[in-house]
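> Shown below is the structure under consideration.
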Amino acid sequence: MRSPVAALVGVLVWLDVDQQLLELLRWIDGQGLWSALWFLAIMALVVVFLLPGVLFTTGAGFVFGVLEGTLYVVIGTTIGACVAFLLARYGAGARAGAFIRRHAGLHAVTREMEAHDFEVVLLTRLVPFFPGKLSNYFFGLTGFSFRSYSLGTFIGLVPFSLHNVYLGSLAANLVSVDDQAVGRTPLEWSIYGIGFVATVVAVVTLNRIARRALARFQALPAEEVNP
Numbered sequence: 114m115r116s117p118v119a120a121l122v123g124v125l126v127w128l129d130v131d132q133q134l135l136e137l138l139r140w141i142d143g144q145g146l147w148s149a150l151w152f153l154a155i156m157a158l159v160v161v162f163l164l165p166g167v168l169f170t171t172g173a174g175f176v177f178g179v180l181e182g183t184l185y186v187v188i189g190t191t192i193g194a195c196v197a198f199l200l201a202r203y204g205a206g207a208r209a210g211a212f213i214r215r216h217a218g219l220h221a222v223t224r225e226m227e228a229h230d231f232e233v234v235l236l237t238r239l240v241p242f243f244p245g246k247l248s249n250y251f252f253g254l255t256g257f258s259f260r261s262y263s264l265g266t267f268i269g270l271v272p273f274s275l276h277n278v279y280l281g282s283l284a285a286n287l288v289s290v291d292d293q294a295v296g297r298t299p300l301e302w303s304i305y306g307i308g309f310v311a312t313v314v315a316v317v318t319l320n321r322i323a324r325r326a327l328a329r330f331q332a333l334p335a336e337e338v339n340p
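Structure below.
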């Protein structure tokens, strides 16, 4: 099964979008102790302004490596999601709220779903190509608690962030940020390959589980909440 993220990255590279991003990543990488803060700020802005972030998540693996890159992506994305949540809760007008409800990819939120707000948010983060950035604003219009929302977001972002960052780390082993070839032994490449397959299997499995569980929540009586 081909990774949709890998396919999307390929399209963006074909469109030469990667060149501008590579320059930005090089600049961030050269900021020393400030590089992590710059990356967190950029990831948060990407989420708030509903911008495509796949090249930034893979770029994190390219620049920071798997573990550090995943941590920065999860934290930065969570910060942006929380900002969007609060903007919707305290600043969205009636027209904006109506638009978000129509396009956020969720059925009407029920009282029963609000009682399981952490689980619902967590499940939506585990479904690929779910309109996650727009749903950040949607959740702000519901009665979901900020604590449950932020915790569900943080935990739910880990699997797909790890998958995307891992793609970037593989790219970094083909070409370094300074465009210098990096040699690897067959054993090391085998370990990388096994790790990649394992992340894909984990993501696909979690996606199937999340879709089934989320469908059960959406099948609850549709008593719409007016926050």
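Per this note's numbering, the sequence shown starts with residue 114, numbered consecutively. The beta carbon of each residue, even a glycine, is placed where N, CA and C say it ideally should be.
Pick out the complete alpha helix (DSSP H) segments inside the region 143-216, 4 residues or longer, and give them in chain order.
148-161, 167-177, 179-204 and 207-216, all fully within the region 143-216.
> On a CA-only basis, which of 247, 190, 325 and 205 is nearest residue 269? Give me that one, please.
For the purposes of this step, residue 269 is taken as the residue at position 156 of the sequence shown. Cα-wise, what sits closest to residue 269 is 190.
> Quick one: Cα of residue 144 to Cα of residue 169, how far?
The residue given as residue 144 occupies position 31 in the sequence shown. The residue given as residue 169 occupies position 56 in the sequence shown. Each residue's Cα considered, the two are about 17 Å apart.
> Excluding the 5 residues flanking residue 327 on each side, which residues of the same chain have their C-beta closer than 8 Å to its C-beta?
Here residue 327 refers to the residue found at position 214 of the sequence shown. Same-chain partners within the cutoff: 233, 236, 237 and 240.
> I believe residue 153 touches residue 205 by the beta-carbon criterion, under 8 Å. Please report the beta-carbon distance rounded to the nearest angstrom.
Locating residue 153 in the sequence shown gives position 40, counting from the first residue. Locating residue 205 in the sequence shown gives position 92, counting from the first residue. Rounded, the Cβ-Cβ distance is 25 Å, inconsistent with contact.
> In whole angstroms, what separates the C-alpha of residue 134 from that of residue 242?
Taking the sequence shown and counting its residues from 1, the one referred to as residue 134 is at position 21. Taking the sequence shown and counting its residues from 1, the one referred to as residue 242 is at position 129. Each residue's Cα considered, the two are about 22 Å apart.
> Output the distance between the C-alpha atoms of residue 199 and residue 283, rounded to the nearest integer angstrom.
Here residue 199 corresponds to residue number 86 of the sequence shown, with the count starting at 1. Here residue 283 corresponds to residue number 170 of the sequence shown, with the count starting at 1. Answer to the nearest angstrom: the Cα atoms are 36 Å apart.
> What is the DSSP secondary structure of residue 289, reduced to helix, strand or coil?
For the purposes of this step, residue 289 is taken as residue 176 along the sequence shown, with counting starting at 1. Residue placement at residue 289 is poorly supported in this model, since its pLDDT is 48, which falls under 50; the coordinates are not used for a value here.
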